[in-house]
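Q: Residue 924 in this note's numbering sits at position 924 of the sequence shown; the count goes up by one each step and never skips.
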Amino acid sequence: MRLHRVDLTAFGPFGSTQSVDFDELSAAGLFLLHGPTGAGKTSVLDAVCYALYGSVPGARQSGQGMALRSDHAAPAIRTEVTLELTVAGRRLEITRQPPWERPKKRGTGTTQDKAQTWLRERDAVSGVWKDLSRSHQEIGEEITQLLGMSREQFCQVVLLPQGDFARFLRADAEARGKLLGRLFDTRRFADVEKRLAERRRVTESRVREGDTGLLADAHRMQQAAGGTMELPALEPGEPGLAEAVLGAAAVARSTAREQLTVAQCRLAAAESALRDADRDLEDVRERDRLQRRFAEARERAARLEETSAAHWEDQARMERGRKAETVAPALELRDSAEAEHRRAADAEQRARALLPASSADAGAAELAVAARRAAEELGGLESARRAERRLAELLGERAGLDRQERADEEVREEAESWLAGWEETRTRLLTRIESAQQAATRAGELAVQREPARQRLNAARTRDRLTEDTHTAAERARTARERALTARQHWLDLKEQRLNGIAAELAAGLTDGEPCAVCGATEHPAPARKVDGHVDRETEERALADYQSADDARAAAERRLGGIREALAAASAEAGGTPTEQLSRAVDELEQQYAQARDAASGLHSAQEQLRAAEREHELRIAAQREAAVRAASRVGHRERLDRERAALEEELAQARGEAGSVAARAEQLEQSVARLTDAADAVRAAETAAQRLKETDARLSDAAFRAGFDTPQAAASALLDDAAHRALQRRLDAWQHEEAAVRAVLAEPETVAAAQQPPADLAAAQRTAAEAERRVREAASAHDAAARRCAELDRLSARATASVRRLGPLREEYDRVARMAGLAAGTSADNERRMRLESYVLAARLEQVAAAATARLHRMSSGRYTLVHSDDRTGRGRSGLGLHVVDAWTGRERDTATLSGGETFFASLALALGLADVVTDEAGGVRLDTLFIDEGFGSLDDQTLDEVLDVLDSLRERDRSVGIVSHVADLRRRIHAQLEVVKGRSGSELRQRGTR
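So this is what it looks like as structure tokens:
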């Protein structure tokens, strides 16, 4: 990589545009960058880093690039950095503009512009610059791929900060590891360590989980065994746990089977004792029952003797009741006649109470004559009733005429009110029709604009999608290029190996006496032999085919990228530069306006219909007004005829009503009089009939009581029993006789009499004996069941534990293997004698290469005194692998780099930085770094050492390199002619080149 030119505008302390021509500065091979503190020397290097990577080192990169803008720049000048360089044989130009707040073109205030990036390449033949990309991501990936270094590596390799390497010399192994890890990107080895550690944690967790389940089964077996099982004093994950658990389970199963045999014997003995106790209890219960039966019979016989007198009285009463049953029909007939007489007398009294005082004491015949006279008068009122109904009809017709008059009046008023607003309604509807017609016209115009707007929006969306596809295709093209380069390099390496071993391949075809195809000799005293790893023609051709296939894939990816870019250009041309969101909003607004116009136009038909309906209503209102006037004129004559007929009817009804309020009221009075007189006559005749019947039933009752043996009818009535009393008396008699027979039968039973003669039975003692035997059987059965369940549970848990042990066997083997590998990679295993991590081991190899490369320059800077060597010894209790010592040729001793003096530390760190640059360059793919910068540290050297250091730096020109020194040392200004001076001023810093051609 060689820098040619950098242009800075409004960047850092530079308020205006400044340019640096590195081609002129590099012509001398060594140039000096100097200036006062704070002038902006580091900003020149920051500009180079920003142009390449889009960011600057350290804390200076903040605010998304906003802090890069110069405070001295005019508001209208935008910050910009342009770098021209050659890398991998390609002449490139990179231009970057960070985001900035610029004044608004219209109005006041500011607006923010996004960051911009351009990448151009110069055609070596035509000398014309060709645009490559304007994508931040594509340009960043392209530059990183060409340089082969990240920003951190670039800052360490191209911009050599001596202070960092001085600290590197004095740092411990951990700090050196962090720096080397960033430079050589050994994250994959650290990832291997993490992967192994993660696998160890996962397998350990799974083993612990399995052991935890095994211990849980062991605890369950201990609970099932009743505490007789002893668990091993081991934790999950410890070796030997499975064997200990299985051994303890076997002992527990054997003990449980012995306990089950003992429980079976105890259960058999308890069941035999229970059967004997049950037989004794049944015998005692039977004797107790018979003794209690005999005692109860004796008590029942005593109670029968006490109730014998009441029993004979009940028998006598039952006999009198049977005799009284012959008098019962006469008693019922007399009671019925007496009740009928009372009802008839009450009805007569109620009927006479409704009659007038003149008829209250009249007989049945007189009351019947008065009822006939009232009925005849009622028949004469039928003509008056018809006149009264006609008068009601006349009044109804007159009321109907009044209602019609009021209705017509309302119709006329409503028509007049509606017709008063007719012109206003008609004008309003005509206005609505005109507005709807205008909206329809507007909808047609908007419909024409919709399709172009939609097409432009679809083009913008296609543009956005193709933009993303362009990034993806560019990434695939970059990957294809990398694969093609890798395949090409592999093919060239194999070709070189084949050419190196071509002598052995030619020697294989030599024959004694035949001339050699190369030298023509016929003798072949020492033909070349094929060595291990020899590359033949077939291998080389396969590598060439792989490279051609990868190159074809690269070409296809680049063609696809070009096609996507062409489609993107077409979509961008159609959509323009308007953002998709803005076009979407415009389409939505157009659709909304079209919908509003269409909705407004949709009311045209309804407005026209409303106008036609209003016109029809206008005609109907006028016709209704005329018809109401005609009906009012015809009602006048009708009303006069009704009034004449009404006067005649009222005169007739006044004569028929008499003193009553109406003919109907008079008729109602006559109807009530007829009904009351008729009812009173019937009631008087019924009362006389009931009194005669009562006298007849009294005579028959007295005769029946005398024949039944009773002195009076009242005595017969008192002896008579109703159904309930008869049934109760009969039940008492039957119960006494049944009880007497039952007692006599019990006292005659031989087994009951024999049991009564024996001693009293002790039922409680027998029950206690049987209960005790039953309790012993339950305890024995419970113990037997518990022992059986214990054996079954122990067998089940033992089988599960055995299956778990078999299942955990491969997992435990995997854990042991992974743990051993993880310990070796992490440096914690006893097999790793130096306790060196895998990443540290790789970094130690890199550090050894760096020390070897640095020694070549350090040896010259120190006049052959010092040599840097790598040490993998352990320091204290720490880990080994990243030690760095210096060998002093004057004393012949090896010591730590921290013991170097200030000047020695400077040129040692300078040599280390240059060596590190060479190694990182080789590691990054062999990209040649033709421009380097060294920052500070020269002030600590004496004149002789300074000359030696400058000679070493000047020798870099032999490799066609240029070195820029950033320093305040005044003596360097005299020694180095090519200079880039940074001049600090109130309006910003400026750059001046001196000593160049």
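Heads up, the beta-carbon is just placed ideally off N, CA and C, and yes, glycines get one too.
1) Quick one: grab the DSSP three-state call for VAL81.
2) Considering only C-alpha positions, which residue in the set ASP469, ALA415 and ALA337 is nearest to ASP698?
3) How long is the line joining the alpha carbons of LEU914 and ILE934, rounded to whole angstroms?
4) Quick check on the DSSP output: the beta strand (DSSP E) that includes HIS885 runs from which residue to which?
5) For GLN993 versus LEU972, is the C-beta distance shorter than 7 Å?
6) Mind checking LEU499: buried by the 16 CB within 10 Å criterion, or exposed?
7) Can you give the Cα-Cα distance for ARG986 and VAL128, rounded to whole angstroms?
8) For GLY421 and VAL630, I'd like the C-alpha separation in whole angstroms.
9) In whole angstroms, what separates the C-alpha of ARG559 from that of ASP551?
10) Buried or exposed: TRP100, going by 16 or more other Cβ atoms within 10 Å of its Cβ?
11) Leaving out five residues before and five after GLU894 in sequence, what residues of the same chain have Cβ atoms less than 6 Å from its Cβ?
12) Fully enclosed by the stretch 761-799, which alpha helix (DSSP H) runs are 4 residues long or longer?
13) Give a yes or no on whether the C-beta atoms belonging to ALA440 and ALA601 are separated by under 7 Å.
14) Are the beta-carbon atoms of VAL963 and LEU932 separated by less than 7 Å?
15) Following the continuous beta strand (DSSP E) through GLU93, name the residue where it begins and the one where it ends.
16) Out of ALA368, ALA277 and GLY226, which has the shortest C-alpha to C-alpha gap to ALA252?
17) Beta-carbon within less than 6 Å of VAL850's beta-carbon, same chain only, minus the 5 sequence neighbours each way: which residues are those?
18) Quick one: give me the first and last residue of the alpha helix (DSSP H) that LEU25 is part of.
19) Do you know how far the Cα of ALA822 is from the Cα of LEU196?
20) Cutting at 7 Å between CB atoms, please list the residues of its own chain near LEU694, excluding the five before and the five after it.
21) Does the distance from the C-beta atom of VAL587 to that of ALA453 stay below 7 Å?
22) Closest to LYS323 by C-alpha separation, out of ASP711, ARG220, ALA362 and GLY883, would be which residue?
23) Three or more beta-carbon pairs under 8 Å between the stretch 276-291 and the stretch 749-757, yes or no?
24) DSSP state of SER871, grouped into three classes?
25) Report the residue from PHE14, ARG120 and LEU25 whose alpha carbon sits nearest the alpha carbon of SER43.
26) Please report how far the alpha carbon of ASP816 lies from the alpha carbon of VAL192, in whole angstroms.
27) Start and end of the beta strand (DSSP E) containing HIS34?
28) First and last residue of the alpha helix (DSSP H) that includes LEU561?
29) Go to SER43, then tell me how far its alpha helix (DSSP H) extends in each direction, as first and last residue.
30) Out of VAL684, ALA628 and ALA545, state which residue places its alpha-carbon closest to the alpha-carbon of LEU355.
31) Taking 6 Å as the cut-off, is the C-beta of ARG195 nearer than that to any heavy atom in the ligand PLP?
32) Using DSSP's beta-bridge definition, name the partner residues of GLU101.
33) Is the stretch 611-627 touching the stretch 481-501 in the sense that three or more CB pairs, one from each, lie closer than 8 Å?
34) Quickly, what does DSSP pair TYR1020 with across the bridge? List them, please.
35) What is the residue span of the beta strand (DSSP E) that HIS1059 lies within?
36) Apart from the five residues on each side of it in sequence, which residues of its chain come closer than 8 Å, Cβ to Cβ, to ALA473?
A: From the atom records:
1) On the sequence shown, residue 81 is found 81 positions in, with the first residue counted as 1. VAL81 falls in the strand class under three-state DSSP.
2) Taking the sequence shown and counting its residues from 1, one reaches residue 698 at position 698. Ranking ASP469, ALA415 and ALA337 by Cα distance to ASP698 puts ALA337 first.
3) As a working note, residue 914 is residue 914 in the sequence shown. As a working note, residue 934 is residue 934 in the sequence shown. Rounded to the nearest angstrom, the two C-alpha atoms are 10 Å apart.
4) The sequence position of residue 885 within the sequence shown is 885, counting from 1. From DSSP, the beta strand (DSSP E) with HIS885 extends over 883-888.
5) The residue given as residue 993 occupies position 993 in the sequence shown. The residue given as residue 972 occupies position 972 in the sequence shown. In this structure, LEU972 does not lie closer than 7 Å to GLN993 by Cβ.
6) Here residue 499 is taken as the residue at index 499 of the sequence shown, counted from 1. Per the 10 Å Cβ criterion, exposed.
7) If you number the sequence shown from 1, residue 986 lands on position 986. If you number the sequence shown from 1, residue 128 lands on position 128. Their backbone Cα atoms lie some 40 Å apart in a straight line.
8) The residue you call residue 421 lines up with position 421 of the sequence shown. The residue you call residue 630 lines up with position 630 of the sequence shown. The alpha-carbon atoms of GLY421 and VAL630 are separated by roughly 25 Å.
9) The count along the sequence shown starts at 1 and reaches residue 559 at position 559. The count along the sequence shown starts at 1 and reaches residue 551 at position 551. When rounded, the distance between both Cα atoms is 12 Å.
10) Translated into the one-based positions of the sequence shown, residue 100 becomes position 100. Label assigned to TRP100: buried.
11) What you label residue 894 is simply residue 894 of the sequence shown in a count that begins at 1. The answer, listed in chain order, is HIS885 and VAL887.
12) none
13) In the sequence shown, counting from the first residue as 1, residue 440 sits at position 440. In the sequence shown, counting from the first residue as 1, residue 601 sits at position 601. For ALA440 and ALA601, yes; Cβs fall inside 7 Å.
14) Residue mapping note: residue 963 aligns to position 963 of the sequence shown, counting from 1. Residue mapping note: residue 932 aligns to position 932 of the sequence shown, counting from 1. Yes; because the gap between Cβ atoms is below 7 Å, this pair is in contact.
15) Locating residue 93 in the sequence shown gives position 93, counting from the first residue. 90-97 is the span of the beta strand (DSSP E), which, as asked, contains GLU93.
16) Taking the first residue of the sequence shown as 1, we reach residue 252 at position 252. With distances taken between Cα atoms, ALA252 lies closest to GLY226.
17) As a position in the sequence shown, residue 850 is number 850, starting the count at 1. Excluding residues within five positions, the ones whose Cβ falls inside 6 Å are GLY915, LEU916 and VAL919.
18) Residue mapping note: residue 25 aligns to position 25 of the sequence shown, counting from 1. Where LEU25 is concerned, the enclosing alpha helix (DSSP H) stretches over 22-26.
19) In the sequence shown, residue 196 corresponds to position 196, counting from 1. In the sequence shown, residue 822 corresponds to position 822, counting from 1. So the two alpha carbons sit approximately 5 Å from each other.
20) As a working mapping, residue 694 is identified with position 694 in the sequence shown. Hits under 7 Å: ALA337, GLU338 and HIS341.
21) The residue given as residue 587 occupies position 587 in the sequence shown. The residue given as residue 453 occupies position 453 in the sequence shown. The answer is yes: Cβ separation under 7 Å.
22) To locate residue 323, count along the sequence shown from 1; it is residue 323. For the residues ASP711, ARG220, ALA362 and GLY883, the minimum Cα distance to LYS323 belongs to ASP711.
23) yes
24) Reading the sequence shown from its first residue, position 871 is the one you call residue 871. Correct three-state label for SER871: strand.
25) Here residue 43 is taken as the residue at index 43 of the sequence shown, counted from 1. Per the Cα distances, PHE14.
26) Within the sequence shown, residue 816 is the residue found at index 816, counting from 1. Within the sequence shown, residue 192 is the residue found at index 192, counting from 1. Their backbone Cα atoms lie some 18 Å apart in a straight line.
27) Indexing the sequence shown from 1 puts residue 34 at position 34. Its beta strand (DSSP E) spans residues 30-34.
28) For the purposes of this step, residue 561 is taken as residue 561 along the sequence shown, with counting starting at 1. Its alpha helix (DSSP H) spans residues 537-575.
29) Counted from its first residue, the sequence shown places residue 43 at position 43. Per DSSP, SER43 belongs to the alpha helix (DSSP H) from 41-53.
30) As a working note, residue 355 is residue 355 in the sequence shown. The option with the nearest alpha carbon to LEU355 is VAL684.
31) Inclusion of the ligand PLP in the displayed structure is not the case, the ligand content being empty and no account of it being possible.
32) As a working note, residue 101 is residue 101 in the sequence shown. Partner(s): GLN112.
33) no
34) With the chain covering only 1 through 997, there is no way to say anything about residue 1020.
35) Because the chain in this structure spans residues 1 to 997, residue 1059 falls outside the shown range and cannot be described.
36) Position 473 of the sequence shown, counting from 1, holds the residue named residue 473. Result list for ALA473: ALA557, ARG560, LEU561 and ILE564, in chain order.
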